[in-house]
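K.L.:
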Amino acid sequence: MPQTVHRLIASTGQKLGLSGFQIQELIKSDAKHRFKISLANGKTFNAYRVQHSNKLGPYKGGIRFHPNVDLDEVEALAALMSLKTAAVVLPLGGAKGGVAVDPKNLSPDELEELSRQYVRYLQPYIGPDKDIPAPDVNTDPQIIDWMVDEYEKLSGDKSHASFTGKSLHLGGSEGREAATGRGGVIALRELLMHENQAARKLTLALQGFGNVGSFFAVVAAAEQPHWQIVAASDSSAALYNPAGLKAGRLQEYKASGGRFSEWHDDDSKIIDTQDLIKLEVDVLVLAALEDAITEDNMGDVKAKIIVELANSPINEAAQKYLTKQGILILPDIIANAGGVIVSYLEWLQNKAGEHWPEARVNAKLEEYMVKAVAEVYKTASAQDLSLKEAAFLQAIKKLTG
Ligand code: NAD
C-alpha cells in the first residue's frame, strides 16, 4: 500500500511538471512520532502518529488499532489524508495514527489504559489548532471519549475540539458515525448521474461491514431503493442473497457481536470472503482494508464500477489492469471523504460552541461531496484521466499551489 500511494503521487507530480525534489517534498512527512506504550500489566505495543502536511490547515486523520499497523502504513495513510482534505477542499492537513494491537485481545480496562497512554505521549504535538485525530479501523466514539478526556486533563483545554468522532454528549456531531458510508452513497449516486445511469437498477456487492460498510448499506437501502445489495462480507465470511440483503438487520447483528459465518436468520447463502469479488454484480464496494484487490485476484472482478470506501483497497498493478478493462474506480480520497468532512463540521461546531441538527450536517456533507465528484469527473473527462488520477491531480495542485 505505501508503494501504491507514493507511486501515484510521483506519477501525478510528473504529469504536473513537478521536479523530483518537489515530488519528494510532497511525499515526505512533516513529523513521525514513533513510541512504545507499556500497560501496567507489562504488555507493550508499538504506537505511531505521522503528521504529513499542515499546508492547508491543522493536521487531521484517524487512529487505527490493528495488528498490522506499522510506520510505513501509517505514513502512507497520512499522505492520503493530506490528498483527501485537499481534494474535497477542506482547510485541513493530513495525519494518521495507529497502534499495533488487536483490541479483541484486550479487556475494556486495558483498552482504556492503551487509549489514554497514547494521548499522554502525544499531547504536546496535538490539539484543536495543531492536529485533530479521529476514529479509524477498530476505534470508536468510546475510545475517542477516553482520549479527549485524557487530553483535556493534561492540557486544560475544554473546547472538546481536540478530537472528532466523539460521543454526542462530549460534543460529537450528529451524523458523524454514518458520515463515511453516507458520503459513499452520495459519491456513487453522483458518479452514476454523470454517467447517465442514475435511474438504472443496480446490484452491489459490499466487502467489509464495519462502521463504513454497514452505514453505506443502511443509507443506500433508505435512499436508493433501486440499488440492491446482494452480498456483504466481514472478515469471517460473505453472505449472498440474490433477492437482496437486509442492511438494517445485518447492522444490528454486527453491533451485537455477530459474525457472518454464523448467520442463520434468513436463507442468505454463506460463501467464502474471497468469492465476493467474483460475483456478477454491477458495483463492487470495497469497505474493509487496503490491498483487497491485487495481481492475485484482479482478474476475478466482474463489476463495471468499483467504489473505494476503504483507503487504498486496490494496489497499483490492479488499478492499471482494471482501468484498462474499462472498469470505473471511484477513488478513495473522494469516495470515503464523508468522514473527514463531517469531522470538520464537528470541529467547527466545537469551536463555535454549537450543536447542529442532523439535517444541517447532512446537507453540508451533500454539498461538499456533490462538488468534489463533479470536479473530479470534469477533470477526468477533460484530460482523459482515470478518476483516481484526476482526484490526485486536483489534490496535488492544491498542495503545491
Ligand atoms: P471497521 O473496523 O469498523 O470495519 C472493517 C470491516 O472490514 C469489518 O467488518 C471487518 O470484519 C471487515 N474485514 C476485514 N478484513 C476483511 C476481509 N478480508 N474481507 C471482508 N471483510 C473484512 O473499520 P471502518 O472504520 O469501517 O474502516 C474501513 C475502511 O474505511 C478502512 O480502510 C478505513 O481506513 C477506511 N475509512 C474509515 C473512515 C471512518 O470514518 N471510519 C473514514 C475514511 C476511511
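Just so you know, we're using our numbering here: the sequence shown kicks off at 36 and counts up by one.
Ideal placement from N, C-alpha and C gives every residue a C-beta, glycine not left out.
Kindly confirm or deny that the region 108 to 121 and the region 52 to 64 touch, where touching means at least three C-beta pairs closer than 8 Å.
P.N.:
yes
K.L.:
When we look at the beta-carbon of G436 and count the other beta-carbons within 10 Å, is it buried (16 or more) or exposed?
P.N.:
With fewer than 16 Cβ atoms within 10 Å of its Cβ, G436 is classed as exposed.
K.L.:
So is F56 buried or exposed if we call it buried at 16+ other beta carbons inside 10 Å?
P.N.:
exposed
K.L.:
Compute the Euclidean distance between the alpha carbons of Q286 and G243, then round it to the nearest angstrom.
P.N.:
12 Å
K.L.:
Closer than 8 Å by C-beta to T47: which residues in its own chain qualify, once you throw out the five before and the five after it? Chain order, please.
P.N.:
E424, F427, L428 and I431
K.L.:
I think S347 touches D331, with their Cβ atoms under 8 Å apart; what is that distance to the nearest whole Å?
P.N.:
Contact flag wrong, Cβ pair sits at about 16 Å.
K.L.:
Taking the C-alpha atoms as reference points, what is the distance between V85 and N140?
P.N.:
25 Å
K.L.:
Determine the direct distance from the alpha carbon of S421 to that of T358, and round the result to whole angstroms.
P.N.:
7 Å
K.L.:
Within its chain, find whatever has a CB closer than 6 Å to the CB of A255; leave out the 5 residues flanking it on each side and keep chain order.
P.N.:
Result list for A255: V220 and W262, in chain order.
K.L.:
Can the beta-carbon of A370 be found less than 8 Å from the beta-carbon of A222?
P.N.:
yes
K.L.:
According to DSSP, is V134 helix, strand or coil?
P.N.:
strand
K.L.:
Applying the 10 Å Cβ sphere with the 16-neighbour rule, what's the burial state of T79?
P.N.:
exposed
K.L.:
Would you mind listing the beta strand (DSSP E) stretches within the region 291 to 350 that are 3+ residues and don't spill past its ends, in chain order?
P.N.:
304 to 306, 318 to 321 and 340 to 343
K.L.:
For ligand 1, any of its heavy atoms closer than 7 Å to the Cβ of V408?
P.N.:
Checking every heavy atom of ligand 1 against the Cβ of V408, none is found closer than 7 Å.
K.L.:
Using 8 Å as the threshold, is the region 180 to 189 in touch with the region 281 to 299, meaning 3 or more CB pairs across them?
P.N.:
Segments in contact, no.
K.L.:
At 4 residues or longer, what runs of the alpha helix (DSSP H) sit wholly inside the region 239 to 266?
P.N.:
246 to 258
K.L.:
If I measure Cβ to Cβ from G216 and keep anything under 6 Å in the same chain, skipping five residues before and after, which residues do I get?
P.N.:
V247, F250, F251 and V254
K.L.:
Thinking just about the alpha-carbon of each residue, which of I167, I72, V136 and Q177 is nearest to the one in E212?
P.N.:
Q177
K.L.:
To the nearest angstrom, report how far apart L363 and K236 are at their CA atoms.
P.N.:
17 Å
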